[in-house]
Each structure stands twice: as C-alpha cells, then as structure tokens.
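Down below is the structure, laid out as structure tokens.
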Amino acid sequence: MNTTADLKVVYFPSCINRSMGKNKFQDADDLQLTELTHRLLVRAGFSIIYPESLDAHCCGMPFSSKGFAEANHTQSKALEADLLKVSENGKYPILYDMSPCFYHSKEEFTAPLKIVDPIQFMLDFVLPNLTIKKKKSTVTVFPVCSVKKIGKMEQLVLLSKWCAEKVTVIESNCCGFAGDRGFLVPELNDYGLRNLKDQIPANCNEGYSTSRTCEIGLEKSSGINFRSIFYLIDEVTR
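Numbers given in my numbering equal positions in the sequence shown, counted from 1, plus 1.
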C-alpha cells in the first residue's frame with residue numbers, strides 16, 4: 002500500500018450526498034456516504050483535502066437543468082475557483098462522488114483541474130492500494146445517464162467484477178428520475194424502470210450505482226438495496 006505523505010486527494014462531496022441520509026435498508030451502524038468515502042480514502046492511504054466553505058458549494062446542475070443559467074454559472078465558477086485553490090492549481094486529483102455532478106463540472110470548468118469521476122477514481126487510485134478480501138456472489142449495477150455520456154460503461158463493469166463473482170448490468174435508456182423530477186413526477190421514474198425487476202436475478206438483493214437520486218428510484222422500483230458503488234468497494238476490502 003502506498004502511504005506516502007504526498008498521496009493527497011481533494012474530495013468534493015456532492016450537495017445531494019451531503020444532505021441526504023441513509024436508505025431504508027441501512028441500519029444504525031452503516032455510515033452515510035460522505036463518511037464512508039472519507040474512511041475508504043483514509044484506508045487507501047490518502048490525506049484528504051476538502052473545499053473551503055463546503056456547505057456553500059454546488060456544481061450548479063440543479064440550476065442549469067431548470068434554465069437558471071446565471072445561477073448555474075455563479076455556482077459553477079465559485080466551486081471551480083475553490084477547487085483550483087485547494088488543489089494547489091491542479092496539483093492533486095479531485096474526487097467527485099456522483100457521476101452527474103462530475104459530468105456537469107467537466108462541461109463547465111475551464112481551469113486545469115484533475116477532476117475524476119467516481120468509477121475511474123476507484124479503479125486508478127483506490128483499488129491499487131487495497132486488497133479484495135472476499136468478493137460478493139452476485140450484484141446488480143445500473144449505469145446512470147452520465148456514465149454513458151462520459152464513456153465509462155466498461156469501467157463500471159470492470160470495477161464491479163473486481164468486487165463480485167457475477168455482475169448483472171441493467172439495460173435502460175434512463176431511469177427517469179432525472180435529477181429531482183422523480184420527486185415531482187414519479188410516473189417518469191416508474192415508466193423508465195418498468196422493466197427493472199425482470200432484469201434482476203432472483204438471488205440478487207444488492208444493487209449499486211453512482212447517483213444518489215437515481216438510487217432512490219432504483220430502490221423503489223426494484224425492492225432491493227441500491228447504494229453507491231463505494232459501499233461495495235468498502236465491504237469487499239475490509
């Protein structure tokens with residue numbers, strides 16, 4: 002394991018993951034995602050740097066998706082400036098814990114920052130510093146829209162196969178949650194996931210993804226525990 006003092010990462014927890022708690026399948030001993038991510042990074046030998054004024058930051062996507070271009074620009078540029086500062090002008094990689102947020106910042110930022118999506122970061126920076134103790138027997142993974150847009154489908158499957166003997170990849174154009182629209186128009190989510198249950202093996206009760214809001218809809222439609230793939234990596238390496 003590489004535990005050198007210069008093994009540093011800037012971790013930007015998305016506002017969704019900062020504000021939402023655990024799901025109904027998790028018990029009192031389970032960590033909330035941002036806490037689990039912190040522990041996972043420490044176990045992998047990282048010193049963690051957080052953005053300044055973290056509670057004030059958002060990637061801007063919620064504003065952009067509703068047509069508030071100015072608010073999106075303000076939020077995005079404020080985050081970009083802070084990340085540039087705490088990463089020492091792009092010296093350290095920056096981990097995003099949600100694929101949609103990463104994709105939005107990737108499209109918005111112009112500074113020379115090393116922002117890394119959650120899938121690639123686990124493959125390149127975390128797994129090499131940890132040991133797989135015991136694989137899961139079977140898991141289901143759902144590639145959210147932004148994973149497809151950034152071309153990380155193969156990497157998601159590869160990461161999952163490091164952690165489980167059998168991986169079922171859900172085929173769907175979109176889950177229909179679309180940010181917060183699944184809260185406002187749940188019928189969109191129901192329709193988007195109308196074929197979900199039929200794709201999940203009967204002996205599989207664990208699903209993983211890289212977007213908290215998508216996971217809410219996936220859990221509701223499937224009846225199984227859907228969480229961030231960070232939980233899977235943490236479990237099989239402990």
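Glycine included, each C-beta is placed from N, C-alpha and C at the ideal position. Computed from a predicted model, the values in this text were never measured in an experiment.
Select from the options the residue whose C-alpha is nearest the C-alpha of residue i.
i	options	result
Ser54	Gly218, Pro14, Ser66 and His74	Pro14
Gly224	Ile133, Glu89, Leu233 and Glu207	Glu207
Leu114	Phe126, Leu96 and Leu128	Leu96
His58	Ser77, Ile50, Leu41 and Ala45	Ser77
Glu109	Ala72, Lys134, Pro119 and Leu131	Ala72
Lys135	His39, Val237 and Gln121	Val237
Leu233	Asp181, Gly91, Lys67 and Lys162	Lys162
Asp191	Gly218, Asp181, Gly180 and Glu166	Gly218
Ile17	Ser106, Cys60, Ala29 and Ala45	Cys60
Pro94	Val10, Lys67 and Thr111	Val10
If you run the structure through DSSP and keep just helix, strand and coil, what is residue i?
i	result
Ile225	coil
Ser210	strand
Tyr12	strand
Asp235	helix
Arg19	helix
Ser100	helix
Val148	helix
Ser54	coil
Ile230	helix
Ser48	strand
Ile201	coil
Quick one: give me the first and last residue of the alpha helix (DSSP H) that residue i is part of.
i	result
Lys135	Neither: Lys135 is in no alpha helix (DSSP H) and is coded neither H nor E.
Glu188	Pro187 to Gly193
Ser65	Met62 to Ser65
Asn73	Ala70 to Val87
What first and last residue would you give for the beta strand (DSSP E) that runs through residue i?
i	result
Leu124	Note, Leu124: premise wrong, no beta strand (DSSP E); not H, not E.
Ala165	Ala165 to Val170
Contact defined as beta carbons within less than 8 Å: I believe residue i pairs with residue j. What is the distance between those atoms, to the nearest angstrom?
i	j	result
Tyr8	Asp98	The sequence as given places Leu at residue 8; Tyr does not occur at that position. Not confirmed; about 19 Å, so no contact.
| Stretch pair the segment 190-207 + the segment 134-151: three plus CB contacts closer than 8 Å | Taking 8 Å as the limit for Cβ pairs, the verdict is that the segment 134-151 does touch the segment 190-207.
| query | Okay, do the segment 97-107 and the segment 210-224 touch, 3+ Cβ pairs below 8 Å being the bar? | reply | At 8 Å Cβ cutoff, the stretches touch.
| query | Should the segment 29-48 be regarded as contacting the segment 116-127, the criterion being three or more beta carbon pairs within less than 8 Å? | reply | The segment 29-48 and the segment 116-127 touch, with no fewer than 3 CB-CB distances between them shorter than 8 Å.
| request: State whether the segment 161-175 contacts the segment 185-196, with contact taken as three or more CB pairs (one from each stretch) at a distance under 8 Å. | output: Judged by Cβ distances under 8 Å, the segment 161-175 makes contact with the segment 185-196, as three or more pairs qualify.
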